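Taking it in order: structure first as structure tokens, then the write-up.
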Ligand code: GLA
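Numbering (this note's numbering), first residue to last: 4 to 734.
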């Protein structure tokens, strides 16, 4: 049983295959964290003996009633969900303002229930239970009777993925207004230890460059206040034991399933304990709760591994495949696509598109994606977002174009930017009040555009109807859903002044609602997320769109770092990765075609160029890449990723391998950024193989043990940005 509730002592033991997580209700009703460790055989009650000796620390506060009771200071105890201003001075998970003007909350035990399966959240992404996953949910109700507040904490245990998903629901049980000022989705308090934090900072064109630093006393944080999860930070962090590496040591991965403003904080307290909280960023958030109403946080996904960062990534990737990505696409092969954007930018017409499609069809590309510029009167980025009708000067007959592409044996996909509007658009002219902006005050533009107030049902309805009209007109099987600006001056014309703190979250809910409505209407539709490249690469979007364009920087040499950073949390099969033209249009680097193919091979794979402009030799090379894609893509979709060497630490070579779940086959990718004369041959020790099996690899026959313990040696050719893919299989 993944959840054991010991009723007489109110102790809870949540167990996955390799992780035990234990907490209890203490004598004065606080939810106290007991331990989190590799699996142990001890019962929940026995684990109580692992608690630190109960002791009142100097200069701490305690509840008045404590005199009769035996527990120490709440500010020192490890807790499950700390609250504001009641003796715990660490970062709180919850802060609620009551009608007396204070935001103090003191939560105490009320009750609990346990059930098989997962909670279902309305209009928010939530993990799914599948057959035989033995998943179970524990819901704890805590209350603050003095202000009439109830909090339901939920813990869903996915035993075979070593994942616990958490969330909270805040309910106003009083007869007056309560305002939620901060409601984190999770809190994890750990006993003192030496930890590093790993995060994925970035910017446009260099998203998710992993960064590791030692924790210090006080608070360290990651956040977005840009309305989207953003290029600058990603709603995911790792807490790794100082000595943990790719392959060993204890690490926790925490992810927020949310696509808007978020905050992740880690605090090392005065007593050296470590608290992690993650949730919606309180900075642009407040949520009034009228009597009887409730607020539900997005879910947080927590993984624990003793197999280092690699183990944690593989657990999360498995979890995404089994319990999170849209079921239709989670493990299915996605169409190999060609996108016209970098080949044409806005300068498109039917003939150009058909030419791109024809040369792509000849080498076996499976889908043409028509990017920006097909709608309204859009010839540059100054106009027409919001006017989702075909520009007939460019595409006189969309149905005929799609049909002709289909006749070439290819599917057809289309670009939209559903949440955005240009000032120069019919939509904006008819509904200037539908944007997020403070009335009668100055406002910011970004890429000349504004953001629609997706928190308004009529806005979602309008965009849905426009998209539906297009999607039902022709056989459009894919959409690229872009979002090319951040949110500023966030204010909704539909909300009164005292409710403006809802606007940013309502925007995200509207974005999810539109995704869900489209998928309900077109259940086979494949959505690829995008936001100026990878500005909204998060679990929230992945719930609807199983792949997200990783970055507008399509140069393979720089993509290695982006893809490897992304892979810490997100599966390879979710990373939109294409071969683009050379020199690269963004950074002008000259990267061999082979390397461009080899790096994109560990993502969704596709092309972002006009194949007609290549030489016959290059087109032949592409035919070879496509044959390789068909062999390797099932591994990328469902295999296990092992990061083997990291250019950020060795300044020389990046390598990784992807191995089938049954360990029978896989492939190794090796990449060297700069040419390097007179170096010894490369030696790579593989991982994840069957130790006693014998593999055919690079014209050699070696045991799994030899390949993992001694390694494979080979030469890389001279030159910058060279790479190789080496396939292997059990003989
Ligand atoms: C964003 C995307 C690009 C392309 C352009 C179109 O920048 O990341 O791939 O779709 O928009 O305007």
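C-beta: ideal position from N, C-alpha, C; glycine also.
Treat the numbers as computed from the prediction; the structure is a model and nothing was measured.
{"Query": "If we call anything under 9 Å between Cβ atoms a contact, is residue 670 one with residue 726?", "Result": "no"}
{"Query": "Measuring straight from C-alpha to C-alpha, what distance separates residue 277 and residue 716?", "Result": "43 Å"}
{"Query": "Could you tell me the alpha carbon to alpha carbon distance between residue 306 and residue 378, rounded to whole angstroms?", "Result": "43 Å"}
{"Query": "CA-CA distance, residue 693 and residue 235?", "Result": "40 Å"}
{"Query": "Measure the C-alpha to C-alpha separation of residue 508 and residue 466 and round it to an integer number of angstroms.", "Result": "19 Å"}
{"Query": "Alpha carbon to alpha carbon, how far is residue 189 from residue 149? Give it in angstroms, no decimals.", "Result": "24 Å"}
{"Query": "Report the residue from 603, 585, 453, 649 whose alpha carbon sits nearest the alpha carbon of residue 313.", "Result": "649"}
{"Query": "Based on Cα-Cα distance, which residue from 385, 460, 538 lies nearest to residue 515?", "Result": "460"}
{"Query": "On the DSSP bridge list, what partners appear for residue 18?", "Result": "23"}
{"Query": "Tell me, which residues are paired with residue 43 by DSSP?", "Result": "None, per the DSSP bridge assignment."}
{"Query": "Could you check what DSSP says for residue 709 in three-state terms: helix, strand or coil?", "Result": "helix"}
{"Query": "Would you please state the rounded distance, in angstroms, between the beta carbons of residue 578 and residue 607? I believe it to be under 8 Å.", "Result": "6 Å"}
{"Query": "Considering only heavy atoms of the ligand GLA, list every residue whose Cβ is less than 6 Å from one of them, following chain order.", "Result": "344, 374, 375, 418, 485, 487, 533, 535, 536, 552, 555"}
{"Query": "In whole angstroms, what is the alpha-carbon distance linking residue 752 and residue 689?", "Result": "Within the shown structure, residues of the chain are numbered from 4 to 734, placing residue 752 beyond reach of any answer."}
{"Query": "State buried or exposed for residue 133, treating a residue as buried only when at least 16 other CB atoms are found within 10 Å of its CB.", "Result": "exposed"}
{"Query": "Three or more C-beta pairs closer than 8 Å, one from the stretch 484-494 and one from the stretch 419-429: is that the case here?", "Result": "yes"}
{"Query": "Please state the DSSP three-state secondary structure of residue 355.", "Result": "helix"}
{"Query": "Which same chain residues end up closer than 6 Å to residue 274 when comparing Cβ atoms and leaving out the 5 residues on each side of it in sequence?", "Result": "79"}
{"Query": "Short of 6 Å in beta carbon distance, which residues of its chain neighbour residue 40, apart from the five on each side in sequence? Order them along the chain.", "Result": "23"}
{"Query": "Taking 9 Å as the threshold (C-beta atoms), are residue 262 and residue 218 in contact?", "Result": "no"}
{"Query": "Compute the distance between the beta-carbons of residue 610 and residue 581, then report whether it is under 9 Å.", "Result": "yes"}
{"Query": "Any chance you could list the beta strand (DSSP E) runs of at least 3 consecutive residues sitting entirely within the stretch 430-504, in chain order?", "Result": "452-454, 481-484"}
{"Query": "Across which residues does DSSP place residue 9 in a beta bridge pair?", "Result": "14"}
{"Query": "Go ahead and pull the three-state DSSP assignment for residue 315.", "Result": "helix"}
{"Query": "If you pair each beta-carbon of the stretch 120-131 with each one of the stretch 164-176, do three or more pairs fall below 8 Å?", "Result": "yes"}
{"Query": "Going by CA-CA distance only, name the one from 683, 678, 667 that's closest to residue 696.", "Result": "667"}
{"Query": "Identify the continuous alpha helix (DSSP H) that holds residue 569 and give its terminal residues.", "Result": "559-570"}
{"Query": "So residue 398 is in the beta strand (DSSP E); what residue range does that whole segment cover?", "Result": "First-last for residue 398: undefined, no H or E at that position."}
{"Query": "Taking Cβ positions, are residue 220 and residue 199 nearer each other than 9 Å?", "Result": "no"}
{"Query": "Is it the case that the Cβ atoms of residue 224 and residue 538 are separated by a distance below 9 Å?", "Result": "no"}
{"Query": "Taking all protein chains shown into account, do 16 or more other C-beta atoms lie within 10 angstroms of the C-beta of residue 521, making it buried, or fewer, making it exposed?", "Result": "buried"}
{"Query": "Rounded to the nearest angstrom, what separates residue 183 and residue 88 at their Cα positions?", "Result": "14 Å"}
{"Query": "Pull the bridge partners of residue 364 from the DSSP assignment, please.", "Result": "Residue 364 pairs with nothing; no bridge assigned."}
{"Query": "For residue 332, which residues of its own chain have a beta-carbon under 7 Å away from its beta-carbon, when the five flanking residues on both sides are left out?", "Result": "529, 549"}
{"Query": "Express the C-alpha separation of residue 264 and residue 27 in angstroms, rounding to a whole number.", "Result": "32 Å"}
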